[in-house]
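Undergrad:
In our numbering, the protein residues as written are -14 to 928.
(1) By Cβ distance, which residues of its chain are closer than 7 Å to residue -6, with the 5 residues on each side in sequence left out?
(2) What are the start and end residues of the beta strand (DSSP E) that includes residue 313?
(3) Return the CA-CA distance between residue 283 and residue 416, expressed in angstroms with no decimal places.
(4) Go ahead and label residue 775 buried or exposed: buried means 16 or more other beta carbons lie within 10 angstroms of its beta carbon, across all protein chains shown.
(5) Alpha carbon to alpha carbon, how far is residue 58 from residue 440? Give it in angstroms, no decimals.
(6) Inspect the beta-carbon positions of residue 765 and residue 606 and report whether they are closer than 8 Å.
(7) Could you tell me which whole alpha helix (DSSP H) segments of length 4 or greater appear in the stretch 506 to 552?
(8) Sorted by chain position, which residues of the same chain lie with C-beta nearer than 7 Å to residue 356's C-beta, five sequence neighbours on each side aside?
(9) Quick check: residue 408 and residue 534, are their CB atoms within less than 8 Å of each other?
(10) So what's residue 717 in DSSP terms, helix, strand or just coil?
(11) Going by CA-CA distance only, name the one from 383, 365 and 488 that's closest to residue 499.
(12) My assumption, with CB atoms under 8 Å, is that residue 395 sits in contact with residue 256. Please give the rounded CB distance.
(13) Closest to residue 783 by C-alpha separation, out of 551, 772, 371 and 652, would be which residue?
(14) Bridge partners of residue 743, per DSSP?
(15) Mark residue 723 as exposed unless 16 or more other C-beta atoms lie within 10 angstroms of its C-beta, in which case mark it buried.
(16) Could you check what DSSP says for residue 648 in three-state terms: helix, strand or coil?
(17) To which residues does DSSP link residue -8 through a beta bridge?
(18) Whole-angstrom Cβ separation of residue 546 and residue 459, contact assumed at under 8 Å?
(19) Write down the C-beta distance between residue 686 and residue 752 rounded to the nearest angstrom, noting that I regard them as a contact closer than 8 Å.
(20) From what residue to what residue does the beta strand (DSSP E) around residue 77 run?
(21) Let's see if you can read the secondary structure: which residues bound the alpha helix (DSSP H) around residue 594?
(22) Considering only the beta carbon of each residue, do residue 303 and residue 258 sit closer than 8 Å?
(23) Which residue from 306, 254 and 311 puts its Cα closest to that of residue 298?
(24) DSSP state of residue 784, grouped into three classes?
(25) Candidates -4, 15, 30 and 76: which alpha carbon is nearest residue 86's?
(26) Leaving out the 5 sequence neighbours to the left and right, which residues in its chain are closer than 8 Å to residue 327 when beta-carbon positions are compared?
(27) Straight-line CA distance for residue 577 to residue 486?
(28) Quick one: grab the DSSP three-state call for residue 496.
(29) Starting from the C-beta of residue 876, find all residues in its chain whose C-beta is less than 8 Å away, skip the five residues before and the five after it, and write them out in chain order.
(30) Under 7 Å Cβ to Cβ from residue 454, same chain only, skipping five residues before and after it: list those, please.
(31) Is it buried or exposed, residue 323, if we count other Cβ atoms within 10 angstroms and call 16 or more buried?
(32) What runs of the beta strand (DSSP E), each 3 residues or longer, lie entirely inside the stretch 387 to 432?
(33) Out of 15, 690 and -1, which has the shortest C-alpha to C-alpha gap to residue -12?
(34) Helix, strand or coil for residue 32? Go by DSSP, reduced to three states.
(35) Within the same chain, show all residues whose beta-carbon is closer than 6 Å to that of residue 249, passing over the 5 residues directly before and after it, in chain order.
(36) State the start and end residues of the unbroken alpha helix (DSSP H) segment that holds residue 272.
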């Protein structure tokens, strides 16, 4: 495998920012890279053109390149300035990113200032242990095995500030561990309240603990990176006003969150069983990793495309933790060593979460009894980039069969030196959101899941999901932990129904068992030990799937399949159950090595519980912005009122983050992963909301049009000429309402149909039919319905049309009264507005007495055509908003004139007029104070 530079030198030259990969001992020198000012082009640079870096503040060293982003034609280089070794796997060191630098690549002056400030900052603020790591890393990696003691010292740092859960009070948890409560606790439980540093630390909900010790370096790095403030860019209209927030967000996302891991030598994205399947071990590391877990793939694309393999360093988001533990093949009796066991139990209560337990024997083989052996347990969780995002903004499944919060967790048992003579055991589990289209509101502590799309669309996506899982992992076992009653029951029932249908289409060997365990009901009264009931049910299946075993460098057994576990969030309940399954497999693996865990002195296995609790906290922070609930049970296997109060605080913190922080955070994640273009920030600034790029809006709209055509056009003789999804007031005969909604407009050779659509249930909620012979006038032009943001006031993009018509007998308005258990439509003649008549089906029209009424209007506004959503495989030139409006108006005019000529025999007349529907000036006058105040408050809080 081509070498990856373990350090790079960042300096500013005349024509661009220079990245000089620093070669390590025994490796070939690397070619420097230039990023030219003013654009994002990347190219190699001759060595004789490298600027002089003899001045101590003319350059700074980084531990790797994360990537390059470009927003509003401004480019920024992201590099790793601090790292911490958290583990050694197969003898190779593994690091977590603890600090990053964001260096502007726009002008030489900006780059020089940023490099100068960062160089001085790193001299002052790099912790001592990181200096030692930086000095010794090159020498350490030359050996095939990293000394275990170094790993223990490094991993212990991550949890030094966390007191043992069993000894801390709720007050201590809140005040001393406020980082685990997310930004909610930072703001409301802080003595200083809304400080400037805390405001600057606002960014992604997946940010980890930001302690007082790290706040100052974070703010300093922001300054050193020359991140522009709002006032600095206010005069640049082409630059999004959210650029400073985005840059601060990336600082927290990649640096302070402590959630991104990397190795210069090892592919962290593949499990032990998959490592043997790498097709070409000599290929660059970035070509070997699984793209589903390659988090900086998009922003690293420019380097990979130009062949810069030496600095293309893949990052994986998730968790990596490691511990050592001692077991005894022939454990002494309790009465022989009661004092010793009590001493070890006392010592275990102060074990740092990610360090080895301070046993007197760990790390000193000379003190071990002949029957004792030291093992190393490594836990890796890999978060998928597919449908990545935050709690209530990414739920369920997408059309390609990928689910939200998909995490692969691998537990590895090995010797401390990864000696090939000792077997290596690997056990893999997965978690992921329920594979259905559904949403939940962030504005509730117990939100009701709302299933979206039709049953058939849901089934097909679910089918694709499990086909992919079967291809990747083999046999499957589903563990569903949602409630069997209450708000969670309908989605659990639909999930089970889809699996039942799927199993009917599969052979007996490929059927997917479905185990529904109501966690809350079984463990009510804080009796979490009842999880053992689930383990008893699945014990046989667990042992049948087995684990992967590697001996003498060869895989002797491969895991036959995986358990796919889910609750609603796939966090708290899921982590408790997965840790139970993993403990059972650990016992089986050690039993194969001749060790009976049930006879060990340390029955509580604190080293195991704490490691899994840390894993649960990490995954939870990355998805829900707080530590995991029920963590006290995972750590201690005990549950009391203090843990329940702690969970209440976490629930409130999640509620706050879901309402406030997650919207912009989701936009940033979609942009960094390449799911959306930079236009997503303009869209966010307009509406303070984000789209789901994984759900194709175009496909949803097309399905809605097709469904409306089938349901509302009752006359088979009517020829359909077009169907569009447009925006319309939610009330009849007006051009503006408090809320506007997406509707379906159908045009046939006889009538216009305005269909109001239930997008959650894929159903027509109501429709209005206007005969073309009654159309009197069509007006198109500027149509501005809001003035709270620049995008809403763009007179080029905000256009629409109004259709005026004379009510008559042939015009019909119907409301669909169907629910899941009722059928029928209420049909009302729009001309008379007399009492409604209920009828089953859509055929037939209700014809009351005719009454002349005033001219009525149907108003339509074109949706924005230039979207931030990245689509693949699209071809052709997309229409602008105005072009779409003009095309629809022309079709309405042509068909309406034909219908009227046939009816009246009049001469052809001009029906379409160009003119303002709502002008900018009129919209400004009509924009209410409440609307402006509401958007201003949202912008203050959200952006």
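For every residue, glycine included, the Cβ atom is placed at its ideal position computed from N, Cα and C.
TA: This is what the structure gives:
(1) By 1-based counting over the chain shown, the position of residue -6 is 9. Cβ neighbours of residue -6 beyond the five flanking positions: 5, 7, 38, 44 and 46.
(2) The count along the chain shown starts at 1 and reaches residue 313 at position 328. It spans 301 to 313 - the beta strand (DSSP E) in which residue 313 sits, taken as one unbroken run.
(3) As a position in the chain shown, residue 283 is number 298, starting the count at 1. As a position in the chain shown, residue 416 is number 431, starting the count at 1. The straight-line gap from Cα to Cα measures roughly 25 Å.
(4) Counting from 1 along the chain shown, the entry for residue 775 is found at position 790. Exposed, since its Cβ has fewer than 16 Cβ neighbours within 10 Å.
(5) By one-based count along the chain shown, residue 440 stands at place 455. By one-based count along the chain shown, residue 58 stands at place 73. Their backbone Cα atoms lie some 44 Å apart in a straight line.
(6) Working through the chain shown from its first residue, we reach residue 765 at position 780. Working through the chain shown from its first residue, we reach residue 606 at position 621. No; because the gap between Cβ atoms is not below 8 Å, this pair is not in contact.
(7) 516 to 530
(8) To locate residue 356, count along the chain shown from 1; it is residue 371. Correct list, in chain order: 313, 314 and 315.
(9) For the purposes of this step, residue 408 is taken as the residue at position 423 of the chain shown. For the purposes of this step, residue 534 is taken as the residue at position 549 of the chain shown. Yes, Cβ-Cβ distance for residue 408 and residue 534 is below 8 Å.
(10) Working through the chain shown from its first residue, we reach residue 717 at position 732. Here residue 717 sits in coil by DSSP.
(11) Counted from its first residue, the chain shown places residue 499 at position 514. Among 383, 365 and 488, the Cα nearest to that of residue 499 belongs to 488.
(12) Taking the chain shown and counting its residues from 1, the one referred to as residue 395 is at position 410. Taking the chain shown and counting its residues from 1, the one referred to as residue 256 is at position 271. The Cβ separation is near 5 Å, so the contact holds.
(13) Sequence index remark: in the chain shown, residue 783 carries index 798 (1-based). If we check each option's Cα against that of residue 783, 772 comes out closest.
(14) Translated into the one-based positions of the chain shown, residue 743 becomes position 758. Partner(s): 748.
(15) The count along the chain shown starts at 1 and reaches residue 723 at position 738. Exposed.
(16) The count along the chain shown starts at 1 and reaches residue 648 at position 663. The answer is helix: DSSP assigns residue 648 an H, G or I state.
(17) Taking the chain shown and counting its residues from 1, the one referred to as residue -8 is at position 7. Per DSSP, 7.
(18) Position 561 of the chain shown, counted from the start, is the residue given in the question as residue 546. Position 474 of the chain shown, counted from the start, is the residue given in the question as residue 459. With a Cβ gap of about 4 Å, residue 546 and residue 459 count as contacting.
(19) Position 701 of the chain shown, counted from the first residue, corresponds to residue 686. Position 767 of the chain shown, counted from the first residue, corresponds to residue 752. Going by Cβ atoms, the distance from residue 686 to residue 752 rounds to 16 Å, so no, they are not a contact pair.
(20) As a working mapping, residue 77 is identified with position 92 in the chain shown. Note, residue 77: beta strand (DSSP E), 77 to 89.
(21) Taking the first residue of the chain shown as 1, we reach residue 594 at position 609. Element bounds for residue 594: 591 to 609.
(22) The residue labelled residue 303 in the question sits at position 318 within the chain shown. The residue labelled residue 258 in the question sits at position 273 within the chain shown. Contact: no.
(23) Position 313 of the chain shown, counting from 1, holds the residue named residue 298. Nearest C-alpha to residue 298: 254.
(24) Residue mapping note: residue 784 aligns to position 799 of the chain shown, counting from 1. Reduced to three states, the DSSP call for residue 784 is strand.
(25) Counting from 1 along the chain shown, the entry for residue 86 is found at position 101. Residue -4 is the option with its Cα nearest to residue 86.
(26) What you label residue 327 is simply residue 342 of the chain shown in a count that begins at 1. Residue confidence for residue 327 is low, a pLDDT of 44 falling below 50, so the modelled location carries little weight; the figure read from the coordinates is stated next. Excluding residues within five positions, none has a Cβ falling inside 8 Å.
(27) Within the chain shown, residue 577 is the residue found at index 592, counting from 1. Within the chain shown, residue 486 is the residue found at index 501, counting from 1. Rounded to the nearest angstrom, the two C-alpha atoms are 39 Å apart.
(28) For the purposes of this step, residue 496 is taken as the residue at position 511 of the chain shown. It is coil, neither helix nor strand.
(29) Counted from its first residue, the chain shown places residue 876 at position 891. The answer, listed in chain order, is 706, 707 and 732.
(30) On the chain shown, position 469 is the one that residue 454 refers to. Here the set comprises 461 and 549.
(31) Counting from one through the chain shown, the residue named residue 323 turns up at place 338. Annotation note: pLDDT 47 at residue 323 (below 50); position unreliable, no value reported.
(32) 392 to 400 and 409 to 416
(33) On the chain shown, position 3 is the one that residue -12 refers to. Answer by Cα proximity: 15.
(34) As a first step, residue 32 must be located in the chain shown, where it is residue number 47. Looking at residue 32 - three-state DSSP - the assignment turns out to be helix.
(35) For the purposes of this step, residue 249 is taken as residue 264 along the chain shown, with counting starting at 1. Hits under 6 Å: -11 and -9.
(36) Within the chain shown, numbered from 1, the residue matching residue 272 stands at position 287. Here the alpha helix (DSSP H) through residue 272 covers 270 to 273.
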